[in-house]
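Residue numbers (the numbering used here), protein chains in the order written: chain A, 1 to 81; chain B, 1001 to 1224; chain C, 2001 to 2405.
Below is one structure; the comments refer to it alone.
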Amino acid sequence: MIEGADLIQAAAFLGAGLAMGLGAIGPGVGEGMVGAKACEAIGKNPSEAGLLTRTMLVGQAVSESTGIYSLVIALLLLFVV
Amino acid sequence: MEELGKIHQLIVNLSGYQMTFNLDILVMTWIVIIGLLVFGFFAARKQQMIPGTLQTIGETFVFQFYSLTEDALGEDMAKSYAPMIIALFMFVLFCNWIGFIPHLYEPTNDLNTPLSLGLMGFVIAHYAGIRQKGFKKYIKAYFDPIFFMAPLNIIGEISKVISISFRLFGNIMGGTIIVLVVSHLVFSLLLPPFLNAFFVLFIGGIQAFVFTMLTLVYIAVQVN
Amino acid sequence: MMSIDIEAWVKVAAFLGAGLSMGFGAIGAAIGEGFAAAKANNAISENPTYSGDIIKMMLVGQAIAETAAIFALVIGVLLLFAAGGNVSMITAAGLIGAGLSMGLGAIGSGVGSGFPAGEACAGLARQPALSRSLTTTMLIGSAVSQTPAIFSMVIAFMLMFINFSGGSPHMVAALLGAGLCMGFGAIGSGIGSGFPAGQACVGLARQPAMGSRLTTNMLIGAAVSQTPAIFAMVVSFMLMFVSFAGTPVHPTSAALIGAGLATGLAAIGSGVGSGLAAGAGCEGWARQPMTSGNVLVIMLVGQAVSQTPSIFGLLISFVLIFKGYAATEVFIVSTALLSAGLCTGLGGIGAGVGNGQVAESAVSWVARNVEQEAVLMRTMLVGQAVSQSTAIYAMVVSLALIFLV
Chain A
1 MIEGADLIQA AAFLGAGLAM GLGAIGPGVG EGMVGAKACE AIGKNPSEAG
51 LLTRTMLVGQ AVSESTGIYS LVIALLLLFV V
Chain B
1001 MEELGKIHQL IVNLSGYQMT FNLDILVMTW IVIIGLLVFG FFAARKQQMI
1051 PGTLQTIGET FVFQFYSLTE DALGEDMAKS YAPMIIALFM FVLFCNWIGF
1101 IPHLYEPTND LNTPLSLGLM GFVIAHYAGI RQKGFKKYIK AYFDPIFFMA
1151 PLNIIGEISK VISISFRLFG NIMGGTIIVL VVSHLVFSLL LPPFLNAFFV
1201 LFIGGIQAFV FTMLTLVYIA VQVN
Chain C
2001 MMSIDIEAWV KVAAFLGAGL SMGFGAIGAA IGEGFAAAKA NNAISENPTY
2051 SGDIIKMMLV GQAIAETAAI FALVIGVLLL FAAGGNVSMI TAAGLIGAGL
2101 SMGLGAIGSG VGSGFPAGEA CAGLARQPAL SRSLTTTMLI GSAVSQTPAI
2151 FSMVIAFMLM FINFSGGSPH MVAALLGAGL CMGFGAIGSG IGSGFPAGQA
2201 CVGLARQPAM GSRLTTNMLI GAAVSQTPAI FAMVVSFMLM FVSFAGTPVH
2251 PTSAALIGAG LATGLAAIGS GVGSGLAAGA GCEGWARQPM TSGNVLVIML
2301 VGQAVSQTPS IFGLLISFVL IFKGYAATEV FIVSTALLSA GLCTGLGGIG
2351 AGVGNGQVAE SAVSWVARNV EQEAVLMRTM LVGQAVSQST AIYAMVVSLA
2401 LIFLV
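Laid out in structure tokens, this is it:
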């Protein structure tokens, strides 16, 4: 016999996995694009390597924010719900 | 297919813990080490201006990896780290290639060997980082770019050890399994020697190179 | 409840498996052949004088790109007529697993082997005199791209014809997991090995003198891109041959399917990513033959790092397979374990592709601006380390799901 509370808990666990798993796809590809363009820019203009690396890190940090939202939701689903 | 997972084990009881030693792998590792020592002895014995075969092979290893180390770490540090990098490459390469000789098999086929090599690289990289940058700057790197990233940075560092050792282990073990399965499917006719050559010599060589380069790169990342 | 006897279930599974095999298996080859035809049309409009040669090349290329779909057809026909000798639920699971393995596994190789076919047509329009060496490179490239589909076929054969029916009840989940793992795991590597093969054909038309060295680089790049598929194969083997007798059926079954999904899905991204780096390596060799050594080094490092997400998948699979579970009838634990596998698997896709994009760009710029090799290597590694972080989050969530639940 499946009880309601069990069902909710199981759904929360499945949701946590899916939230983090699917949520990681976008930022992974997006940050890769940022990194690729940074490498290209450094190849074209090596004298600005330091500035470009910093810009890359900021850009990646911003595009990672959706991944961190997923992580937060996943942890909430795991431990709070 | 029965030979999959059949190993000789030595189980030692140490105050309640059961320590398991895989004897086959130990023996194979020692064969590799002795082989390397013998190779080194004969390659360096009579050094001549016009080198013999062994000396040429030895010089190729040393020269190639010395210049790679120099590119990554700079001239000063290359002097102290190149011997380790060259030795690491030769050890991993011999470990991977020893499977080509019948009745011998790769020590890297057991997760313990790549894992210990990976841990060794990890310790050396962090030691080099602390020595080069000083302890304060080394610790500060973990709080980059923002302080709450520290736990994730630490997990990221640990995951490097996992990825480098599982990569070597997975490739070598995957090759062994494929050769075994295909041999059974074609009744050991015709195909297995070529497959063996491909997976042992080619993939084994590439993975030895990748393992060494990644260890070198991890050191370079810590140092810079 | 309907009462259906096990014999009927085996038949159902065989037919379902045949449908899955041919249905999924047709996707990739069709895309690949379409790519080849599109490139051939382009080539003919550029150089109509050699339309006959180009059409011949296109047909040969398409015939090879179809191999993966033919594998799927063979497995499908065998499932319809020859499989299912033993009557048990485990056999039924094996048949569905075989269909999944072959069907999904043919997608990548079909797409991948379309690239060399198309690029060879384009190259022929540019350098009609090279027809013979272009054909050779294309044939080698397509054959290399088929390797992941061959892995899938081997696994499918084993799932169909080895008699697992005496095994413990876990085998139902284990065989399904093995099929899913190999099927998904071959997609990325199949597409990925197509990139270096295609770029080798482009490069050959650009720098005919580099011919044999380009083939070498293509082989190295494609072989490394196939590592994720080899990981998937290793996990499939463990699922088939590790004995789970004595462990409780309930959470273990879910863990086994989760283990298959973790490595299989994570291998998609890593396969494509390492292929992108390998393609850029071939392009670089053709563009700047002088820098080939530097390009090879950064290509191998970039590919190796792109594979990290699939290694996380492998790790989670090992944990899921070998962790002992307490017997429980509560399905919460099962859900958590399945979810752990899905999480690392899906989470690795993006990071793998992203790391590959970074490596691709770094490799192609090392070829153009070799003095900046050290800076580019460092930027690439930093960029990849950051874009990997989401895969690490996914792994952390999976470990929490496995150990804290």
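Think of the CB as a built atom: it goes at the ideal place given N, C-alpha and C, for glycine as much as any other residue.
> Checking contacts by CB at 8 Å: is A/G4 closer than that to chain C?
Replying inline: Taking the first sequence and counting its residues from 1, the one referred to as residue 4 of chain A is at position 4. So no, A/G4 is outside the interface.
> Taking the alpha-carbon positions, what's the C/A2040 to A/M56 distance?
Replying inline: Locating residue 2040 of chain C in the third sequence gives position 40, where the first residue counts as 1. Locating residue 56 of chain A in the first sequence gives position 56, where the first residue counts as 1. Their backbone Cα atoms lie some 39 Å apart in a straight line.
>> Can you tell me where the beta strand (DSSP E) holding B/Q1009 begins and where it ends?
In response: The residue given as residue 1009 of chain B occupies position 9 in the second sequence. Run containing B/Q1009: Q1009 to L1014, per the beta strand (DSSP E) assignment.
>> If you measure between the beta carbons of B/V1200 and B/F1100, is that distance less than 8 Å?
In response: Stepping through the second sequence from its first residue, residue 1200 of chain B is reached at position 200. Stepping through the second sequence from its first residue, residue 1100 of chain B is reached at position 100. Result yes, Cβ atoms of B/V1200 and B/F1100 sit closer than 8 Å.
> Within this structure, are the beta carbons of C/A2018 and C/L2080 separated by less than 8 Å?
Replying inline: Within the third sequence, residue 2018 of chain C is the residue found at index 18, counting from 1. Within the third sequence, residue 2080 of chain C is the residue found at index 80, counting from 1. A contact, by the Cβ cut-off of 8 Å.
> Within the 8 Å Cβ cut-off, does A/E48 reach chain C?
Replying inline: Looking up residue 48 of chain A in the first sequence gives position 48. It does not; no Cβ of chain C falls within 8 Å.
> DSSP on B/T1020, reduced to helix/strand/coil?
Replying inline: Here the question's residue 1020 of chain B lines up with position 20 in the second sequence. Strand at B/T1020.
> Helix, strand or coil: how does DSSP classify B/D1071 here?
Replying inline: Locating residue 1071 of chain B in the second sequence gives position 71, where the first residue counts as 1. Reduced to three states, the DSSP call for B/D1071 is helix.
> Once you ignore the five residues that flank A/L78 on each side, which residues in its own chain have a CB closer than 6 Å to its CB?
Replying inline: Mapped onto the first sequence, residue 78 of chain A falls at position 78. Excluding positions up to five away in sequence, the list reads A16.
>> List, in chain order, every chain A residue whose beta-carbon is nearer than 8 Å to that of C/S2292.
In response: Looking up residue 2292 of chain C in the third sequence gives position 292. The contacting residues do not exist; C/S2292 stays about 17 Å from chain A at best.
> Sorted by chain position, which residues of the same chain lie with C-beta nearer than 6 Å to B/E1002's C-beta, five sequence neighbours on each side aside?
Replying inline: In the second sequence, the residue the question calls residue 1002 of chain B occupies position 2. Because the pLDDT of B/E1002 is 47, which lies under 50, any placement of that residue in the model is unreliable, and the number read from its coordinates should be weighed accordingly. If we look at B/E1002 and ignore the five residues flanking it on each side, it has no Cβ neighbours.
> Taking only beta-carbon atoms, is C/M2001 less than 8 Å away from chain A?
Replying inline: The count along the third sequence starts at 1 and reaches residue 2001 of chain C at position 1. Low local confidence applies: a pLDDT of 47 at C/M2001 is under 50, so the model's placement there is unreliable, and no value is given.
> Mind checking if A/L71 is an interface residue toward chain C, Cβ cutoff 8 Å exclusive?
Replying inline: For this step, residue 71 of chain A is matched to residue 71 along the first sequence. Closer than 8 Å to some Cβ of chain C, the Cβ of A/L71 qualifies, so yes.
> When DSSP labels each residue in this structure, what does C/I2162 get in the three-state scheme?
Replying inline: Taking the first residue of the third sequence as 1, we reach residue 2162 of chain C at position 162. Coil.
> What beta strand (DSSP E) runs, 3 residues minimum, are completely inside the region 2239-2289 of chain C?
Replying inline: none
>> What does the alpha-carbon distance come out to for the pair C/V2010 and C/M2160?
In response: As a first step, residue 2010 of chain C must be located in the third sequence, where it is residue number 10. As a first step, residue 2160 of chain C must be located in the third sequence, where it is residue number 160. If I take the Cα positions, the gap works out to 11 Å.
>> Just to make sure I have the definition right: I need the residues of chain B whose C-beta is within less than 8 Å of the C-beta of C/S2389. Which are they?
In response: By 1-based counting over the third sequence, the position of residue 2389 of chain C is 389. Simply L1152 and G1156.
> Excluding the five sequence neighbours on either side, which residues of its own chain have a C-beta within less than 8 Å of the C-beta of B/F1061, listed in chain order?
Replying inline: Here residue 1061 of chain B refers to the residue found at position 61 of the second sequence. I1086, F1089 and M1090, listed in sequence order.
> Thinking C-alpha only, which one of C/T2390, C/Q2388, C/R2378 and C/V2397 is nearest A/G43?
Replying inline: Your numbering for residue 43 of chain A matches position 43 in the first sequence. Looking at the Cα atoms, C/R2378 is the closest of the given residues.
> From A/L52 to B/T1215, what distance separates their C-alpha atoms?
Replying inline: Indexing the first sequence from 1 puts residue 52 of chain A at position 52. Indexing the second sequence from 1 puts residue 1215 of chain B at position 215. Those two C-alpha atoms are separated by around 26 Å.
> At a Cβ threshold of 8 Å, is C/Y2393 touching chain A?
Replying inline: Reading the third sequence from its first residue, position 393 is the one you call residue 2393 of chain C. Chain A, which has a Cβ nearer than 8 Å to the Cβ of C/Y2393, makes this yes.
>> Suppose you measure from the CA of C/M2001 to the CA of C/A2008; what does that come to, to the nearest Å?
In response: Within the third sequence, the letter at position 1 stands for residue 2001 of chain C. Within the third sequence, the letter at position 8 stands for residue 2008 of chain C. Residue placement at C/M2001 is poorly supported in this model, since its pLDDT is 47, which falls under 50; the coordinates still yield a value, given next. So the alpha carbons of these two residues sit roughly 15 Å apart.
>> Let's test the definition: count the other Cβ atoms within 10 Å of the Cβ of C/P2200 and tell me whether it reaches 16, buried, or not, exposed.
In response: As a position in the third sequence, residue 2200 of chain C is number 200, starting the count at 1. In the sequence as presented, Pro is not what sits at residue 2200 of chain C; that position holds Ala. Its Cβ being crowded by 16 or more others within 10 Å, C/A2200 is buried.
> Which residues, in chain order, does the region 2221-2234 of chain C contribute to contact with chain B at a C-beta distance below 7 Å?
Replying inline: A2223, V2224, T2227, I2230, F2231, M2233 and V2234
> For C/A2327, does the three-state DSSP call read helix, strand or coil?
Replying inline: As a position in the third sequence, residue 2327 of chain C is number 327, starting the count at 1. Residue state, collapsed to three classes: coil.
>> Let me check understanding here. Comparing Cα to Cα, which of C/C2121, C/A2072 and C/I2075 lies closest to C/G2052?
In response: What you label residue 2052 of chain C is simply residue 52 of the third sequence in a count that begins at 1. Checked all of C/C2121, C/A2072 and C/I2075; the closest Cα to C/G2052 is C/C2121.
> Taking the alpha-carbon positions, what's the C/G2177 to C/S2088 distance?
Replying inline: Taking the third sequence and counting its residues from 1, one reaches residue 2177 of chain C at position 177. Taking the third sequence and counting its residues from 1, one reaches residue 2088 of chain C at position 88. If you take the alpha carbons of C/G2177 and C/S2088, they lie about 17 Å apart.
> Which of the three DSSP states, helix, strand or coil, is assigned to B/Y1105?
Replying inline: Sequence index remark: in the second sequence, residue 1105 of chain B carries index 105 (1-based). Three-state DSSP puts B/Y1105 in coil, outside helix and strand.
>> With a threshold of 8 Å between beta carbons, is B/I1177 in contact with chain C?
In response: The residue given as residue 1177 of chain B occupies position 177 in the second sequence. With 8 Å as the cut-off, B/I1177 counts as an interface residue toward chain C.
>> For a minimum of 4 consecutive residues, which ranges assigned as the alpha helix (DSSP H) are wholly contained in the region 2047-2111 of chain C?
In response: 2051-2065 and 2067-2081
> Is it the case that the Cβ atoms of C/Q2288 and C/A2367 are separated by a distance below 8 Å?
Replying inline: As a working note, residue 2288 of chain C is residue 288 in the third sequence. As a working note, residue 2367 of chain C is residue 367 in the third sequence. Contact: yes.
> What's the gap between the Cα of C/T2215 and the Cα of C/G2279?
Replying inline: Walking along the third sequence from the start, residue 2215 of chain C turns up at place 215. Walking along the third sequence from the start, residue 2279 of chain C turns up at place 279. The alpha-carbon atoms of C/T2215 and C/G2279 are separated by roughly 12 Å.
>> Within 10 Å of its beta-carbon, does B/W1030 have 16 or more other beta-carbons around it, so buried, or fewer, so exposed?
In response: On the second sequence, residue 1030 of chain B is found 30 positions in, with the first residue counted as 1. B/W1030 is exposed by the Cβ-count criterion.
> Which chain B residues sit within Cβ distance under 9 Å of C/T2252?
Replying inline: Start at 1 with the first residue of the third sequence, and residue 2252 of chain C comes out as number 252. Result: empty, since nearest Cβ-Cβ is about 19 Å, beyond 9 Å.
> Does the Cβ-Cβ distance between C/R2126 and C/A2222 come in under 8 Å?
Replying inline: Locating residue 2126 of chain C in the third sequence gives position 126, counting from the first residue. Locating residue 2222 of chain C in the third sequence gives position 222, counting from the first residue. Going by C-beta atoms, C/R2126 is not nearer than 8 Å to C/A2222.
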